[in-house]
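Report on one structure; see the data block that follows.
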Amino acid sequence: MLFRKESIRRSENKRLVEKIHETKAELDRYEEVLANSIEPSEEVLIELKLWRSKYIFLMKEARYRKVNGYKNT
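If you're matching positions, the sequence shown starts at -5 in the numbering used here and goes up one per residue.
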């Protein structure tokens, strides 16, 4: 039973790291759109705030779980 919990924790931590990388990529994409826009729309600004909030939440969760952010290759 102890080993099962560890394997579940490991797989969930891996999933969290993948989600952090996906969210960071999406956040960078929206920041690039914002940087290239002369007058950004309200929708882009809202989406940017949403992705920043998601990224910050995921980073806090990773810090709480003491997860390393490096991908194992």
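Backbone N, C-alpha and C define an ideal beta-carbon position, used for all residues, glycine too.
Q) Residue range of the alpha helix (DSSP H) that Val61 falls in? A) To locate residue 61, count along the sequence shown from 1; it is residue 67. From DSSP, Val61 is part of no alpha helix (DSSP H); its letter is neither H nor E.
Q: Assign Glu33 to one of three DSSP states: helix, strand, or coil.
A: Here the question's residue 33 lines up with position 39 in the sequence shown. DSSP places Glu33 in coil when its eight states are reduced to three.
Q | Supposed close pair Lys18, Tyr58 - CB separation, criterion 8 Å | A | Counting from 1 along the sequence shown, the entry for residue 18 is found at position 24. Counting from 1 along the sequence shown, the entry for residue 58 is found at position 64. With 8 Å as the limit, Lys18 and Tyr58 do not qualify as a contact, their Cβ atoms being about 18 Å apart.
**Q.** Counted within 10 angstroms of its Cβ, other Cβ atoms place Leu52 as buried (16 or more) or exposed
**A.** Here residue 52 refers to the residue found at position 58 when the sequence shown is read from its first residue. Per the 10 Å Cβ criterion, buried.
(Q) Quick check: what's the CA-CA separation for Glu55 versus Ser47? (A) Position 61 of the sequence shown holds residue 55. Position 53 of the sequence shown holds residue 47. Whole-angstrom Cα-Cα distance: 12 Å.
Q | C-beta atoms of Glu26 and Trp45 nearer than 8 Å | A | By one-based count along the sequence shown, residue 26 stands at place 32. By one-based count along the sequence shown, residue 45 stands at place 51. No.
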